[in-house]
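Worksheet: the structure to be examined is printed underneath.
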Amino acid sequence: MILQEKNSGNESSFWLEMCPATNFPILKTGLKVDVVILGGGIAGITTATLLKQAGYTVAVIEANRIIKDVTVGTTAKISVSPNKIYNNLISHLGISKAKEYANTNSRALQKISEIVEEYDIDCDFHRLPLYMFNESLEKVNELKQEFEAAKKLGLPVSWVEDVPLPFATGPAIKYDNQAQFHPRKYLLALSNELNGEGSYVFEKTRAITVKEGDVKKVITDKGSIMADNVVIATHSPIYDPDGLHEYLHSERSYVIGLYARGKFPDGMFIDSFPVHTYRATPTDNEKLIIVAGEHSPVDVEDRNVYYHRLEKYANQHLNVESFEYRWSSKDSVTDDGLPLIGMTSQEGIYVAAGFGFWGMTNGTTAAMVLTDLITGKKTSSIDLFNPLRFK
Ligand SMILES: Cc1cc2nc3c(=O)[nH]c(=O)nc-3n(C[C@H](O)[C@H](O)[C@H](O)COP(=O)(O)OP(=O)(O)OC[C@H]3O[C@@H](n4cnc5c(N)ncnc54)[C@H](O)[C@@H]3O)c2cc1C
Numbered sequence: 093m094i095l096q097e098k099n100s101g102n103e104s105s106f107w108l109e110m111c112p113a114t115n116f117p118i119l120k121t122g123l124k125v126d127v128v129i130l131g132g133g134i135a136g137i138t139t140a141t142l143l144k145q146a147g148y149t150v151a152v153i154e155a156n157r158i159i160k161d162v163t164v165g166t167t168a169k170i171s172v173s174p175n176k177i178y179n180n181l182i183s184h185l186g187i188s189k190a191k192e193y194a195n196t197n198s199r200a201l202q203k204i205s206e207i208v209e210e211y212d213i214d215c216d217f218h219r220l221p222l223y224m225f226n227e228s229l230e231k232v233n234e235l236k237q238e239f240e241a242a243k244k245l246g247l248p249v250s251w252v253e254d255v256p257l258p259f260a261t262g263p264a265i266k267y268d269n270q271a272q273f274h275p276r277k278y279l280l281a282l283s284n285e286l287n288g289e290g291s292y293v294f295e296k297t298r299a300i301t302v303k304e305g306d307v308k309k310v311i312t313d314k315g316s317i318m319a320d321n322v323v324i325a326t327h328s329p330i331y332d333p334d335g336l337h338e339y340l341h342s343e344r345s346y347v348i349g350l351y352a353r354g355k356f357p358d359g360m361f362i363d364s365f366p367v368h369t370y371r372a373t374p375t376d377n378e379k380l381i382i383v384a385g386e387h388s389p390v391d392v393e394d395r396n397v398y399y400h401r402l403e404k405y406a407n408q409h410l411n412v413e414s415f416e417y418r419w420s421s422k423d424s425v426t427d428d429g430l431p432l433i434g435m436t437s438q439e440g441i442y443v444a445a446g447f448g449f450w451g452m453t454n455g456t457t458a459a460m461v462l463t464d465l466i467t468g469k470k471t472s473s474i475d476l477f478n479p480l481r482f483k
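For the sequence shown, this note's numbering gives the first residue as 93, with consecutive numbering after it.
Have a look at this one:
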């Protein structure tokens, strides 16, 4: 859950403050739809959108209000690569699976861009390069290996000696034509398209369990709803017949929003170890610079320690004028670094989880793969993301 109590060091996500609140109704009990989707984050809302586009009736069930949890804890860089992953993936899974994952990330990036265009969504979507560097020059060799791996997989990379940040970074991998956006503006626009023609968004309705069968019954604290298929996109699966929690571990990460003197360059930036990321976003005043980094256990008592470290880091690298926002959230990670997307051991009940701090693309990939599975379209990524692959 995103932490943003105003009285605890002013924690507040920029994405939440800049958007209107939602007010969808609680569940109307006794309905039947083609697909019930549990969870109103990027995975749930995108899945519902693609299924509705495919002609299915859908109902999104959200325990709280939609787009208020991990999806507003993000920094919303949409890119084919979260960090140095591909060299590792090639070593552990082989070139063909690594290539498949690279392709799914490229397709997810393209899908978001198409959705923005199709629905004409004003969400500060911009195509930008992403630079991945490492301030510690000892790590340049690893970076170079990652570059070679990404190139082998056909990703749009080049090796550059300079990064347009206002401090020395050493060389970098430059990923061309990546993107960034405002995640809540994007998803609010999609959720407003969901209601109607037999489809629904229900808020303040907590799913409790799912009863299996030809027709599934989702039991909630506000009554029940029937469906032919159910998608569990609650970040941490609330119905887990296969013990998937054993393969997911969560961490908390931290974000600050600041104004700085001088021009912030066009681009997104990742210092790959220890991980720190930078991007900017437009505001009514000037560009807000969003810096992320630091990891802690999810339930750590004193988050201030991590915010202070991040602020110190920002002061060392940027000419900071003022710190405006701070927030933190968790995400879950799998052992092999790939998300869990697909059917559980229960026919017609699907799961999407384990996005590993890269849920803009992985959450969109989940929507695409699950839509293919539910509509019976052939998809090549079933094995790659199979949630039962660790069994
Ligand atoms: C600091 C940070 C930076 C990040 N930066 C990036 C980035 O730059 N790029 C990127 O791609 N990814 C990034 N991520 C990762 C990305 O934000 C997440 O992977 C993604 O938002 C997760 O989406 P979700 O839909 O799974 O989860 P959520 O947004 O949490 O959605 C799940 C929803 O399910 C609801 N729910 C829970 N239980 C129930 C229940 N019983 N009944 C009904 N509803 C329920 C919750 O209330 C919630 O709204 C970052 C994450 C963090 C923490």
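Beta carbons are placed, not taken as given, at the ideal position from N, Cα and C, and that holds for glycine.
In this structure, the C-beta of asparagine 454 approaches ligand 1 to less than 8 Å from one of its heavy atoms. In the DSSP assignment, glycine 451 falls within the unbroken alpha helix (DSSP H) covering 451-467. Lysine 191 has its alpha-carbon roughly 43 Å from the corresponding atom of aspartate 313. With a threshold of 8 Å, the Cβ atom of glutamate 206 does not count as near ligand 1, since no heavy atom of the ligand is closer than that. Here the stretch 217-237 makes contact with the stretch 357-367; the two share three or more CB pairs at distances below 8 Å. Relative to the non-hydrogen atoms of ligand 1, the Cβ of arginine 418 never comes closer than 8 Å to any of them.
Ranked by Cα distance from valine 392, the options Leu340, Lys422, Pro174 are led by Lys422. Within the model, the alpha-carbon separation for threonine 121 versus lysine 309 is close to 11 Å. Judged by beta-carbon spacing, methionine 318 lies beyond the 9 Å limit of lysine 144, meaning their Cβ atoms are not closer than that value. Set against 8 Å, the gap from the CB of asparagine 156 to the closest heavy atom of ligand 1 is smaller. Beta-bridge pairing by DSSP links alanine 264 to Phe225, Val252.
At least 9 Å separates the beta-carbon of threonine 114 from that of glycine 451. With respect to the 9 Å criterion, lysine 231 and tryptophan 251 are not classified as neighbours on the basis of their beta carbons. Between the beta-carbon of isoleucine 129 and that of threonine 297 there is about 12 Å, and that puts the pair past the 8 Å contact cut. Ligand 1 never approaches arginine 401 closely enough for any of its heavy atoms to be under 8 Å from the residue's Cβ.
Rounded to whole angstroms, the separation of the alpha carbons of proline 221 and valine 249 is 10 Å. Residue state for glutamine 270 is assigned as strand, using DSSP reduced to three classes.
Inclusion of valine 461 and leucine 340 in the CB contact set at 9 Å is not warranted, their separation being larger than that value. Here the alpha carbons of tyrosine 398 and arginine 353 stand approximately 24 Å from one another. In the DSSP assignment, the residues bridged to glycine 385 are Tyr346, His368.
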